[in-house]
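Take any residue in the sequence shown, count from 1 to its spot, add 246: that is its number in UniProt numbering. Here's the structure we're looking at; comments come further down.
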Amino acid sequence: EKGGYDYFMLKEIAEQPKAVADTLLGRIDGSGSLSLDEVRIPVSVLREVDKVVIVACGTAYHAGMIAKLAIEHWTRIPCETELASEFRYRDPILDQRTLVVAISQSGETMDTLMALRHAREQGAKVLAICNTNGSTIPRESDAVLYTHAGPEVAVASTKAFLTQLVACYLVALYLGQVRGTKWGDEIEAVIRELSDIAGAVDTVLETMEPVRELARSLAHKDTVLFLGRHVGYPVALEGALKLKELAYMHAEGFAAGELKHGPIALIEQDLPVVVVVPSPRGRSVLHDKIVSNIQEIRARGARTIVIAEEGDHAVVPYADHLIRIPATPTLLQPLVATVPLQVFACELATARGNEVDQPRNLAKSVTVE
Ligand code: F6R
Numbered sequence: 247e248k249g250g251y252d253y254f255m256l257k258e259i260a261e262q263p264k265a266v267a268d269t270l271l272g273r274i275d276g277s278g279s280l281s282l283d284e285v286r287i288p289v290s291v292l293r294e295v296d297k298v299v300i301v302a303c304g305t306a307y308h309a310g311m312i313a314k315l316a317i318e319h320w321t322r323i324p325c326e327t328e329l330a331s332e333f334r335y336r337d338p339i340l341d342q343r344t345l346v347v348a349i350s351q352s353g354e355t356m357d358t359l360m361a362l363r364h365a366r367e368q369g370a371k372v373l374a375i376c377n378t379n380g381s382t383i384p385r386e387s388d389a390v391l392y393t394h395a396g397p398e399v400a401v402a403s404t405k406a407f408l409t410q411l412v413a414c415y416l417v418a419l420y421l422g423q424v425r426g427t428k429w430g431d432e433i434e435a436v437i438r439e440l441s442d443i444a445g446a447v448d449t450v451l452e453t454m455e456p457v458r459e460l461a462r463s464l465a466h467k468d469t470v471l472f473l474g475r476h477v478g479y480p481v482a483l484e485g486a487l488k489l490k491e492l493a494y495m496h497a498e499g500f501a502a503g504e505l506k507h508g509p510i511a512l513i514e515q516d517l518p519v520v521v522v523v524p525s526p527r528g529r530s531v532l533h534d535k536i537v538s539n540i541q542e543i544r545a546r547g548a549r550t551i552v553i554a555e556e557g558d559h560a561v562v563p564y565a566d567h568l569i570r571i572p573a574t575p576t577l578l579q580p581l582v583a584t585v586p587l588q589v590f591a592c593e594l595a596t597a598r599g600n601e602v603d604q605p606r607n608l609a610k611s612v613t614v615e
């Protein structure tokens with residue numbers, strides 16, 4: 247049931263603080279370290295892992311892109327994220343020391359399933375991150391970390407994405423914890439921050455009315471561009487994907503550093519460009535570079551829609567529209583930065599008269615190629 251909301255998607259967006267909290271539940275012990283007993287891959291095997299490969303499709307792939315940054319940072323194990331549909335048709339290098347992480351909400355996506363079968367044939371260990379109990383992907387994996395988002399009915403993935411991110415952070419932090427890295431203190435601090443993140447998601451949800459208003463005012467547009475860097479790049483891709491599938495608009499996400507290598511030619515008068523700004527506290531170099539990107543595109547006529555941390559004053563002069571998100575550790579920012587983009591796409595779809603829960607041509611789980 248829609249619980250008083252017009253669409254399942256709205257209900258599922260609103261459920262995100264709870265979904266995130268549920269996915270953390272019981273996985274952080276009293277002393278603030280992680281206990282992932284359900285991950286039935288022996289710690290001795292995890293200590294020997296020398297490469298992590300993440301496979302997924304669509305929104306789950308975007309979660310995987312963010313996971314790569316978290317895993318490499320906190321564990322120093324090389325990690326690559328690949329579209330399952332690409333991975334299975336090449337000749338990837340895998341062996342017993344490779345950990346493959348397959349991310350899937352439904353647990354039934356054919357490409358992801360085929361990718362993990364291929365990985366296991368090569369002797370790799372497969373850990374599934376999945377939202378659907380007893381589905382095929384977890385059944386065929388060595389271990390599974392379930393996301394506890396609850397059933398996701400709307401075709402466009404929202405709460406499953408946020409919980410996939412949480413599960414990915416848990417895997418990254420857990421690997422860091424069992425292997426011991428120089429980031430021990432940071433890992434502890436991030437685990438503490440994760441415990442509070444549901445509240446931050448809630449704060450974002452409470453401030454979404456201006457985003458809805460903005461979306462309605464853009465309903466007649468043909469194109470929206472999205473820019474981001476580091477973890478903000480997959481967030482930009484996710485914002486663009488949501489807009490394509492729900493509003494049927496031309497939407498593209500770019501890594502902001504690529505602007506000068508081509509995409510800046512697209513900027514014209516009044517073109518809406520959403521920019522995801524990294525925290526000025528974390529990687530401040532990236533922050534400053536994005537601020538100059540915003541200046542550059544605005545000087546060329548773009549209408550800038552800026553998503554920036556509370557207290558980031560540097561962006562104010564260049565933001566035609568400013569969407570504030572709570573301060574988080576750098577790597578966790580996608581948990582709060584994605585939410586306004588979901589609301590934006592949902593409202594634009596509604597304003598354009600589209601069927602929000604059941605976009606044309608799409609199915610909730612893609613069990614064919
Ligand atoms: C986008 C969306 C799809 C899925 C993709 C993978 O909103 O829902 O891109 O993320 O089809 O599906 P799962 O996670 O079920 O493997």
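C-beta: ideal position from N, C-alpha, C; glycine also.
Handout entry: Through-space distance from arginine 462 to glutamate 593, alpha-carbon basis
Key = 7 Å
Problem - Span of the alpha helix (DSSP H), counted from its first residue to its last, around proline 456 - result: 455 to 463
Practice task
Have a look at glutamine 368 and leucine 340 and give me their C-alpha separation to the nearest angstrom.
Solution key: 6 Å
Practice task
Check whether the Cβ of residue 635 lies closer than 6 Å to any heavy atom of the ligand F6R, and answer yes or no.
Solution key: No answer is possible for residue 635: it lies beyond the span of the chain, which begins at 247 and ends at 615.
Problem - the stretch 565 to 576 / the stretch 446 to 454 touching (three or more Cβ pairs under 8 Å) - result: yes
Problem - Nearest neighbour of aspartate 534, chosen from Met311, Ala560 and Leu512 [CA to CA] - result: The shortest C-alpha separation from aspartate 534 is found at Ala560.
Handout entry: 3-residue-minimum beta strand (DSSP E) runs that sit fully inside the stretch 551 to 583, ordered along the chain
Key = The qualifying runs are 567 to 571.
Exercise for the section: Flag serine 611 as yes when its Cβ comes closer than 6 Å to any non-hydrogen atom of the ligand F6R, and as no otherwise. Expected result: Indeed, a heavy atom of the ligand F6R lies less than 6 Å from the Cβ.
Handout entry: lysine 467 - DSSP class collapsed to helix/strand/coil
Key = coil
Handout entry: Through-space distance from glutamate 452 to alanine 595, alpha-carbon basis
Key = 20 Å
Practice task
At 3 residues or longer, and completely inside the UniProt domain "SIS" (288 to 427): list those beta strand (DSSP E) runs for me, N to C.
Solution key: 297 to 302, 325 to 329, 344 to 350, 371 to 376 and 389 to 392
Exercise for the section: Given a cut-off of 7 Å, decide if threonine 409 and threonine 584 are closer than it, judged by their beta-carbon atoms. Expected result: Contact: no.
Practice task
Taking only heavy atoms of the ligand F6R into account, decide whether any of them is closer than 6 Å to the Cβ of glycine 304.
Solution key: yes
Practice task
Give the straight-line distance between the Cα atoms of methionine 255 and glycine 304, rounded to the nearest whole angstrom.
Solution key: 17 Å
Practice task
On a CA-only basis, which of Arg385, Ser611, Val412 and Arg286 is nearest alanine 267? Give me that one, please.
Solution key: Comparing Cα-Cα distances from alanine 267 to each of Arg385, Ser611, Val412 and Arg286, the minimum goes to Val412.
Problem - Same chain, Cβ closer than 6 Å to leucine 345, five either side skipped, listed in chain order - result: Val295, Val298 and Lys371
Exercise for the section: For my contact list, leucine 416 and leucine 282 are in at a C-beta cut-off of 8 Å; report their separation, rounded to the angstrom. Expected result: 6 Å
Handout entry: Residue(s) in a DSSP beta bridge with leucine 280
Key = Ile274
Practice task
Look at the alpha carbon of valine 582 and the alpha carbon of leucine 292, and state the distance between them as a whole number of angstroms.
Solution key: 30 Å
Exercise for the section: Drop a sphere of 10 angstroms on the beta-carbon of glutamine 515, count the other beta-carbons inside from all chains shown, and report buried for 16 or more, exposed for fewer. Expected result: exposed
Problem - For glycine 485 and glycine 499, believed in contact at Cβ under 8 Å, the rounded distance - result: Between glycine 499 and glycine 485 the beta-carbon gap is near 6 Å, inside 8 Å, which marks them as a contact.
Problem - Three-way DSSP call (helix, strand, coil) for proline 509 in this model - result: helix
Practice task
Grab me the residues of leucine 608's own chain with a C-beta within less than 7 Å of its C-beta, minus the 5 sequence neighbours each way, in chain order.
Solution key: Closer than 7 Å at the Cβ level, and outside the excluded window around leucine 608, lie Val401 and Glu491.
Handout entry: Member of Ser381, Ile323, Ile437 and Ala306 whose CA lies at the smallest distance from the CA of glycine 276
Key = With distances taken between CA atoms, glycine 276 lies nearest to Ile437 out of Ser381, Ile323, Ile437 and Ala306.
Handout entry: glycine 478 vs valine 522 beta-carbon contact at 7 Å
Key = yes
Practice task
Mind reading off the beta-carbon distance from leucine 349 to alanine 302? Whole number of angstroms is fine, and I expect it under 8 Å.
Solution key: In the sequence as displayed, the identity of residue 349 is isoleucine instead of leucine. Contact between isoleucine 349 and alanine 302 holds: CB atoms are separated by about 4 Å, below the 8 Å threshold.
Practice task
Going by CA-CA distance only, name the one from Arg475, Arg425, Ile543 and Val390 that's closest to tyrosine 323.
Solution key: Position check: residue 323 holds isoleucine in this sequence, whereas tyrosine was assumed. Out of Arg475, Arg425, Ile543 and Val390, Arg425 has the C-alpha closest to the C-alpha of isoleucine 323.
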